[in-house]
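Read the structure below first, then the notes.
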Amino acid sequence: MESPASPKPRVLMVEDEEDTASLLTFLLERASYQVIHAKDGRQAQELADTMAPPDIVLLDVMLPFLSGLQVLTYLRAREGWGTVPIVMLTADGSEHDIKRALENGANDYMVKPFNPRELTSRLKRFVSQAA
Amino acid sequence: MLALDQSNLTLRIGSIAAISIYSAVLLLLLGILLLRFIRRNKDRRRRAVTETWRPLLAQCVVEVPDSLPPLTTRDHLVLLYLWNHCYESIRGEARTNLKELARRTGTDQFAKQLLHARLLRRRLLAVVTLGHLQERSIWNELAAMLQADNAFVSLVAAKALLHIDAKAAIPLLIPVISRRSDWSPLKVVAMFEPAGADIAADAIAKAACEANPEIGARLIRHLAATQSQHALPPLRALLQKGAPSDDVLAACLFLFGECSDPRDVTMIRAHLSHPTWFVRLQAASALGKVGVEEDEVRLIALLDDEHWWVCYRAAEALSNLPWMTAERLTHLCNALTTVEAQEHLLPFMAQSNVKTHRPAPASPPQARTA
Numbered sequence: 103m104e105s106p107a108s109p110k111p112r113v114l115m116v117e118d119e120e121d122t123a124s125l126l127t128f129l130l131e132r133a134s135y136q137v138i139h140a141k142d143g144r145q146a147q148e149l150a151d152t153m154a155p156p157d158i159v160l161l162d163v164m165l166p167f168l169s170g171l172q173v174l175t176y177l178r179a180r181e182g183w184g185t186v187p188i189v190m191l192t193a194d195g196s197e198h199d200i201k202r203a204l205e206n207g208a209n210d211y212m213v214k215p216f217n218p219r220e221l222t223s224r225l226k227r228f229v230s231q232a233a
Numbered sequence: 200m201l202a203l204d205q206s207n208l209t210l211r212i213g214s215i216a217a218i219s220i221y222s223a224v225l226l227l228l229l230g231i232l233l234l235r236f237i238r239r240n241k242d243r244r245r246r247a248v249t250e251t252w253r254p255l256l257a258q259c260v261v262e263v264p265d266s267l268p269p270l271t272t273r274d275h276l277v278l279l280y281l282w283n284h285c286y287e288s289i290r291g292e293a294r295t296n297l298k299e300l301a302r303r304t305g306t307d308q309f310a311k312q313l314l315h316a317r318l319l320r321r322r323l324l325a326v327v328t329l330g331h332l333q334e335r336s337i338w339n340e341l342a343a344m345l346q347a348d349n350a351f352v353s354l355v356a357a358k359a360l361l362h363i364d365a366k367a368a369i370p371l372l373i374p375v376i377s378r379r380s381d382w383s384p385l386k387v388v389a390m391f392e393p394a395g396a397d398i399a400a401d402a403i404a405k406a407a408c409e410a411n412p413e414i415g416a417r418l419i420r421h422l423a424a425t426q427s428q429h430a431l432p433p434l435r436a437l438l439q440k441g442a443p444s445d446d447v448l449a450a451c452l453f454l455f456g457e458c459s460d461p462r463d464v465t466m467i468r469a470h471l472s473h474p475t476w477f478v479r480l481q482a483a484s485a486l487g488k489v490g491v492e493e494d495e496v497r498l499i500a501l502l503d504d505e506h507w508w509v510c511y512r513a514a515e516a517l518s519n520l521p522w523m524t525a526e527r528l529t530h531l532c533n534a535l536t537t538v539e540a541q542e543h544l545l546p547f548m549a550q551s552n553v554k555t556h557r558p559a560p561a562s563p564p565q566a567r568t569a
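Taken in sequence, the protein lines are chains A and B. Start counting the first sequence at 103; every next residue gets the next number (the working numbering). Start counting the second sequence at 200; every next residue gets the next number (the working numbering).
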């Protein structure tokens, strides 16, 4: 008898840049993730209010309406989201953002431009640790 | 009879004017409709190209697709924007695949043609693309562009040269950096990012040494952004060689403070009594970052400087010394002989008292790094 296929891990991706979002979606789907895309900080908040906590969050720092750091604080304050791994995507050289993100509960960060292989392997590590 | 003729003429002129106005308005409306039609068609076409090529570019990050759709000249222009965005979003071996895709679609040849386009934005797009593709055949054209009147064009060309061959580009760039007052030092620092911080620091420091005092000082002040110690040897040599301008001297002292290399303490101390106030100011600030315990006395002496800002920075430097405590600062203040010197220390004493008596947070935020 065949064992039922394990469900794909869900990733909430918060990214406003369409080209980058498309690239990330391709990479994540190829790495067998189910991608839930929020186009800005506000949409990320709305999704967080309605959906069950995902397996991992990939969160851009520079977002319209609400910054990634504000979204991070919001997500961390929500019930059930405290242990969800959150990986920040930051622009090159913004050490201040990185420091603040880590202080506010982010688990890791990736600097743009990013190495696709490194990104997927980091996400995989977090998801397998949580499983 | 004459009156009737005149009214007929007026009527005729009026109707001609009315018809002319209506025609003009109609033509204008038609023009607007035509422009909107063209614009909408362009947008539709751009969307179609984007929808086709975006997934292909994403796939390219992993492997170059076997078959690629045909491209018209107009489509190719859109692809160029998408390709550059994708290239700049990623790093590592994935970029090789994107270069392979560019060669297969003839993007290198297309960009070379665009180099001579009438529109500036197309020329810039070509320079950026060919820089990413490390196209050596356009080296001389890019080198000529460094002298362009438009600062943006010259900066983009410089960046492309660095992408193609950083080692060969730096000797070309140093004299240009030292000459161009319209190049923002921040942009210069950013331009060198792909080449690495150490190469950037060394090149910019050398350019600053060759530049006139105004440009040189601006470049040196921004060297701190590279966070590299490689800028220090050329600047030390410059200071030892002779007396540079006060602006350059002050900028060097600022950088010595930022880099905090103990080897520069002697040089910093030597400028605490410089005749120019802003040089003394930078020396005092730098000494606050690099100084040792014996420098405390030197900073205290500066509290009686004739220039207010020097006293202020000396007081700030004293309060920032790593071993300075609120008690020690109070003791030091009480031992001062002049009221003016004491007054300079007072705000920093208040600050250090606040720091000392601030209650510690119940649970300090902790970074949960992986």
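C-beta: ideal position from N, C-alpha, C; glycine also.
Beta strand (DSSP E) containing Val116 (chain A): first to last residue?
Along the first sequence, read from residue 1 onward, the residue named residue 116 (chain A) stands at position 14. Here the beta strand (DSSP E) through Val116 (chain A) covers Arg112 to Val116.
Mind checking which residues open and close the alpha helix (DSSP H) that includes Asp445 (chain B)?
Looking up residue 445 (chain B) in the second sequence gives position 246. That run of the alpha helix (DSSP H) goes Asp445 to Cys458.
Is the beta carbon of Ala359 (chain B) sitting closer than 9 angstroms to the one on Leu329 (chain B)?
Looking up residue 359 (chain B) in the second sequence gives position 160. Looking up residue 329 (chain B) in the second sequence gives position 130. Against a cut-off of 9 angstroms, the Cβ pair of Leu329 (chain B) and Ala359 (chain B) comes out as a contact.
Could you tell me if Gln481 (chain B) is buried or exposed, where buried requires 16 or more neighbouring beta carbons within 10 angstroms of its beta carbon?
The sequence position of residue 481 (chain B) within the second sequence is 282, counting from 1. Answer is buried; the Cβ neighbour count reaches 16.
Using only the alpha-carbon positions, how far apart do Ser444 (chain B) and Cys408 (chain B) sit?
Sequence index remark: in the second sequence, residue 444 (chain B) carries index 245 (1-based). Sequence index remark: in the second sequence, residue 408 (chain B) carries index 209 (1-based). Distance between the alpha carbons of Ser444 (chain B) and Cys408 (chain B): 11 angstroms.
Give the straight-line distance between the Cα atoms of Glu542 (chain B) and Arg479 (chain B), rounded to the nearest whole angstrom.
Here the question's residue 542 (chain B) lines up with position 343 in the second sequence. Here the question's residue 479 (chain B) lines up with position 280 in the second sequence. Cα-Cα distance, rounded: 20 angstroms.
Checking the sheet assignment: what are the DSSP bridge partners for Thr272 (chain B)?
Within the second sequence, the letter at position 73 stands for residue 272 (chain B). Paired residues: none, contrary to the question.
What are the start and end residues of the beta strand (DSSP E) that includes Lys141 (chain A)?
For this step, residue 141 (chain A) is matched to residue 39 along the first sequence. Where Lys141 (chain A) is concerned, there is no enclosing beta strand (DSSP E), given that its DSSP letter is neither H nor E.
Quick one: using the 10 Å Cβ neighbour count with 16 as the cut-off for buried, is Tyr221 (chain B) buried or exposed?
Here residue 221 (chain B) refers to the residue found at position 22 when the second sequence is read from its first residue. So Tyr221 (chain B) ends up on the exposed side.
Within the same chain, show all residues whose beta-carbon is closer than 6 angstroms to that of Arg567 (chain B), passing over the 5 residues directly before and after it, in chain order.
Residue 567 (chain B) sits at position 368 when you count from the first residue of the second sequence. Because the pLDDT at Arg567 (chain B) is just 35, under 50, the model does not fix this residue reliably, and the point stays unresolved.
Per the DSSP calculation, Phe216 (chain A) is bridged to which residue(s)?
For the purposes of this step, residue 216 (chain A) is taken as the residue at position 114 of the first sequence. Per DSSP, B:Ile289.
For a contact meaning CB atoms closer than 8 angstroms, what does Gly178 (chain B) contact in chain A?
What is shown of chain B runs 200 to 569, which leaves residue 178 (chain B) out entirely.
Got a sec: which bits of the stretch 267–285 of chain B sit with their beta carbon under 7 angstroms from any beta carbon on chain A, in order along the chain?
Cβ contacts with chain A: Leu281, His284 and Cys285.
When you check each C-beta in the stretch 120–143 of chain A against every C-beta of chain B, which residues fall closer than 9 angstroms?
So the list reads Glu120, Asp121, Thr122, Ser124, Leu125, Leu126, Thr127, Phe128, Leu129 and Arg132, given in the order they occur along the chain.
Thinking C-alpha only, which one of B:Trp476, B:Arg317, B:Leu208 and B:Leu281 is nearest Leu255 (chain B)?
As a working mapping, residue 255 (chain B) is identified with position 56 in the second sequence. Leu255 (chain B) has its Cα closest to that of B:Leu281, out of B:Trp476, B:Arg317, B:Leu208 and B:Leu281.
DSSP three-state label for Asp401 (chain B), please.
Along the second sequence, one-based indexing puts residue 401 (chain B) at 202. Of the three classes helix, strand and coil, the one that applies to Asp401 (chain B) here is helix, per DSSP.
Examine chain B for any beta-carbon lying closer than 9 angstroms to the beta-carbon of Lys234 (chain A), and answer yes or no.
Since the first residue of chain A shown is 103 and the last is 233, residue 234 (chain A) is not available in this structure.
In whole angstroms, what separates the C-alpha of Leu434 (chain B) from that of Lys488 (chain B)?
Position 235 of the second sequence, counting from 1, holds the residue named residue 434 (chain B). Position 289 of the second sequence, counting from 1, holds the residue named residue 488 (chain B). Roughly 18 angstroms between the two C-alpha positions.
Taking only beta carbons into account, state which residues of the stretch 233–253 of chain B come closer than 7 angstroms to chain A, listed in chain order.
Listed by position, the residues of the stretch 233–253 of chain B near chain A (Cβ gap below 7 angstroms) are Arg253.
Can you find a CB in chain A that lies within less than 9 angstroms of the CB of Leu256 (chain B)?
Taking the second sequence and counting its residues from 1, the one referred to as residue 256 (chain B) is at position 57. Chain A, which has a Cβ nearer than 9 angstroms to the Cβ of Leu256 (chain B), makes this yes.
Could you tell me if Thr306 (chain B) is buried or exposed, where buried requires 16 or more neighbouring beta carbons within 10 angstroms of its beta carbon?
Numbered from 1 along the second sequence, position 107 holds the residue referred to as residue 306 (chain B). Thr306 (chain B) is buried by the Cβ-count criterion.
My output table needs one value for Leu204 (chain A): the three-state DSSP class, helix, strand or coil.
As a first step, residue 204 (chain A) must be located in the first sequence, where it is residue number 102. Leu204 (chain A) falls in the helix class under three-state DSSP.
On the CB-based measure, 16 or more other CB atoms within 10 Å of its CB, does Met190 (chain A) come out buried or exposed?
Walking along the first sequence from the start, residue 190 (chain A) turns up at place 88. Under this definition Met190 (chain A) is a buried residue.
Assuming Leu371 (chain B) and Leu345 (chain B) are in contact, meaning their beta carbons sit under 8 angstroms apart, how far apart are those beta carbons, in whole angstroms?
On the second sequence, position 172 is the one that residue 371 (chain B) refers to. On the second sequence, position 146 is the one that residue 345 (chain B) refers to. Contact flag correct, Cβ pair sits at about 7 angstroms.
What does the alpha-carbon distance come out to for the pair Leu267 (chain B) and Leu279 (chain B)?
For this step, residue 267 (chain B) is matched to residue 68 along the second sequence. For this step, residue 279 (chain B) is matched to residue 80 along the second sequence. Approximately 15 angstroms, taken between the alpha carbons.
Residues of chain A with CB closer than 7 angstroms to the CB of Val261 (chain B), please, in chain order.
The residue you call residue 261 (chain B) lines up with position 62 of the second sequence. Ordered by position in chain A, the residues that pass the 7 angstroms Cβ test against Val261 (chain B) are Arg132.
Quick one: give me the first and last residue of the alpha helix (DSSP H) that Leu129 (chain A) is part of.
Position 27 of the first sequence, counting from 1, holds the residue named residue 129 (chain A). Start and end: Glu120 to Arg132.
Going by DSSP, what residues sit across from Met190 (chain A) in a beta bridge?
As a working mapping, residue 190 (chain A) is identified with position 88 in the first sequence. Met190 (chain A) pairs with A:Leu161 and A:Tyr211.
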